[in-house]
Amino acid sequence: MLKRKRFIFAILAILPTLAIFGYVRLYPIADTLRLSLFKWDILSRNKPFIGLANFRELMGDHLFLDALVNTTIIAFGVLLLTIPMALVIAALIFHRTRSRMAGFYETAVFIPHVVSLVPAAMAWKWIFDARLGPLNALLNFFGIPAQNWLFDPVLSVICIIVLCSWQALGYAVLIYIVGFKNLPVSLYEAAKLDGASGPQSFWFLSIPMLKPITLYVSVVTLVSGFNVYAQAFVLASDAQGAPGRQVRVLVLDMLENSFRNYRVGYAASEAVVLLVIVLVLTLIQFSMLRERGRI
Amino acid sequence: MTAEIATVDIGPTADELAEGRRLRRRKRLTNLAIDVFLVIVSLLMLLPLVFLVANAFKTPAEMLAWPPTILPRDPTLANFSAVLGETPLIRWIGNSLAFAVLSTVAIVATSAIAGYIFGKFRFGTLNLIFALFLATAIVPFEVYMIPLYFQAKSLGILNSVWGLLLGYLVMSFGIFLIRQNVIHSIPDELLEAARIDGAGEFWIFLHIVLPLLRGALGALAVLAFFQAWTAFAWPMIVATTRTSYTIEVGLALFQTGFTVDLGRLSAASATVLIPSILLFVILRRNFVQGVASTGLKE
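Chains as they are written, first to last, in this note's numbering: chain A, 42 to 336; chain B, 296 to 593.
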């Protein structure tokens, strides 16, 4: 009787949240999957079911493939730049935990992660600016010719990677510091007694022991890399001032198909591709963690 | 007996003392090198933002100067007055603020209730629902925002704060965070004792559970606020009229115009950056606690 009363309370209490959750999460996710199989151009009334035709078309769509390649390069570029730097910086900040400066280091590294994307991107737009930017001025100072950073197809991708890494670094450092704090102190003391130097215990103890954290941070960084949008939108405007066209990324391509070309079903199939990428990355993370658990 | 040991125990030799001094000095030097390195890294991380704020106060001529100045030689407010005259900047900030505050309230409320129920009421059905909540957490917002846009459209709330809010009403991670806290910091005995005293379930939640969750809810609130404040893709598609822009969208579209110069852009950006950095520095502890716990999902 009592248990039943409690069960009723629990259901009643969870109901509003569940309803909201269903409406703003479950339904649109299911709808994305459904729409990806339909041909729906907002303008026409009928939505015929076309199976996997959208996906087949994607495979031959140059704009989409362009976006997919750019986004993948950006995501992995950010990963390769962020993780090693974060690991080293976190190790050093952790080493200096007891110094008065530790709070300052943590805050300084973390601030780029919390400030709004667009204003921060604006700062970098100035740095990279071909005519006014200090980067070219600095290069000139060393006798290197000025580069057209934001308009060159290769350099602009690098600029976006730098901007995204600058933002991602703080989060990775923070998670690594938590990881360092959870490592057993006794192990390090034992290593020290055996004559291991600081860098040695970092390389042979910390890195292997932090592998689960590295996996987690890598997946988070990759996933947010695949969702890159604002950075490309602000940094890579093309010569006509149209934002984001210079470096096409997945989210931009998707929104353009949906709201400029009115091809919602097609855009939904792009969203499904994005979802599959994220799922695969997450599965890799879990299977690698499990493998480690078995050993 | 004790006296005998005392005589055996001779102090460290002069050599050993010197060795100790040498090691200590080496350690101090290493620490100093590490500090120097970390200070440089910290300053490099902050430099773009420092320059942005400095540029906001510069005349067009000084923006071209090399090396770039950190303290403007003759600071001017011309950029600020130009931006405020040309754009409804204050309106955009107001929109963002309203959106972020409402989203924070919604996320804290839904997470508190759902986290408590999932943490303390272990019925089979509820566990199943919780698994569903968790499973959808890995789906990025960008994947389902187009159908959500059409839902907002059919509700007739495009170009309003309510439309913005629709995308940011719940946070799977928030529910998870509160559930962990409920499990670890609220003993069953406490709830049982209250029930024996005749307290109703709702009274228990309000007067016992919520006060105990203050810390976690605070961390979640800061996280939720910044999440909405910095949102970009969703406001970009939902709020498309000049008066309904959030500050992020307003700035991003403002910068694509032709006539815009970097001084004005910097002024507009600085207006947004300075308060959010101050807020972050004040709430740093809460924020770090919240973000750090995202890493402990496993």
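Cβ atoms here follow ideal geometry from the backbone N, Cα and C, with glycine treated the same way.
Which residues DSSP lists as bridging residue i, in chain order
| i | result |
| --- | --- |
| residue 304/A | 82/A |
| residue 90/A | 79/A |
DSSP three-state assignment for residue i, whether helix, strand or coil
| i | result |
| --- | --- |
| residue 68/A | helix |
| residue 358/B | helix |
| residue 529/B | helix |
| residue 558/B | helix |
| residue 157/A | coil |
| residue 247/A | helix |
| residue 440/B | helix |
| residue 418/B | coil |
| residue 457/B | helix |
| residue 277/A | coil |
| residue 312/B | helix |
| residue 138/A | coil |
| residue 189/A | coil |
| residue 378/B | helix |
| residue 370/B | coil |
| residue 553/B | Low local confidence applies: a pLDDT of 49 at residue 553/B is under 50, so the model's placement there is unreliable, with the coordinate-based value given in what follows. Coil, per DSSP. |
| residue 270/A | coil |
| residue 353/B | coil |
| residue 383/B | coil |
| residue 539/B | coil |
| residue 287/A | coil |
Cβ neighbours of residue i in the same chain (closer than 7 Å, five flanking residues each side left out)
| i | result |
| --- | --- |
| residue 239/A | none |
| residue 298/B | With a pLDDT of 48 at residue 298/B, under the threshold of 50, the modelled position of this residue cannot be trusted; read the value that follows with caution. Around residue 298/B: no qualifying Cβ. |
| residue 313/B | none |
| residue 584/B | 514 |
Distance CB(residue i)-CB(residue j) smaller than 9 Å
| i | j | result |
| --- | --- | --- |
| residue 468/B | residue 521/B | no |
| residue 83/A | residue 303/A | yes |
| residue 526/B | residue 462/B | yes |
| residue 549/B | residue 560/B | yes |
| residue 271/A | residue 287/A | no |
| residue 232/A | residue 251/A | no |
| residue 444/B | residue 532/B | yes |
| residue 132/A | residue 243/A | yes |
| residue 465/B | residue 58/A | yes |
| residue 99/A | residue 307/A | yes |
| residue 528/B | residue 292/A | yes |
| residue 477/B | residue 540/B | no |
| residue 503/B | residue 515/B | no |
| residue 406/B | residue 460/B | no |
| residue 130/A | residue 397/B | no |
| residue 366/B | residue 349/B | yes |
| residue 564/B | residue 359/B | no |
| residue 177/A | residue 164/A | no |
Exposure of residue i, with buried meaning 16 or more beta-carbon neighbours within 10 Å
| i | result |
| --- | --- |
| residue 66/A | buried |
| residue 321/B | exposed |
| residue 415/B | buried |
| residue 148/A | buried |
| residue 370/B | exposed |
| residue 241/A | exposed |
| residue 430/B | exposed |
| residue 474/B | buried |
| residue 328/A | exposed |
| residue 294/A | buried |
| residue 343/B | buried |
| residue 311/B | exposed |
| residue 60/A | exposed |
| residue 182/A | exposed |
| residue 387/B | buried |
| residue 374/B | buried |
| residue 46/A | exposed |
| residue 220/A | buried |
| residue 95/A | buried |
Beta-carbon proximity list for residue i, same chain, < 6 Å, skipping 5 on both sides
| i | result |
| --- | --- |
| residue 189/A | 171 |
| residue 21/A | For chain A, the structure presents residues 42 to 336; residue 21/A sits outside this window and is missing. |
| residue 326/A | 256, 260 |
| residue 137/A | 143 |
| residue 127/A | 210, 213, 214, 217 |
| residue 161/A | none |
| residue 402/B | 466, 469, 519 |
Contacts around residue i, its chain only, beta-carbon distance under 8 Å, and the 5 residues preceding and following it disregarded
| i | result |
| --- | --- |
| residue 159/A | 271, 275 |
| residue 432/B | 467, 468, 471 |
| residue 505/B | 407, 512 |
| residue 446/B | 461 |
| residue 174/A | 167, 168, 190 |
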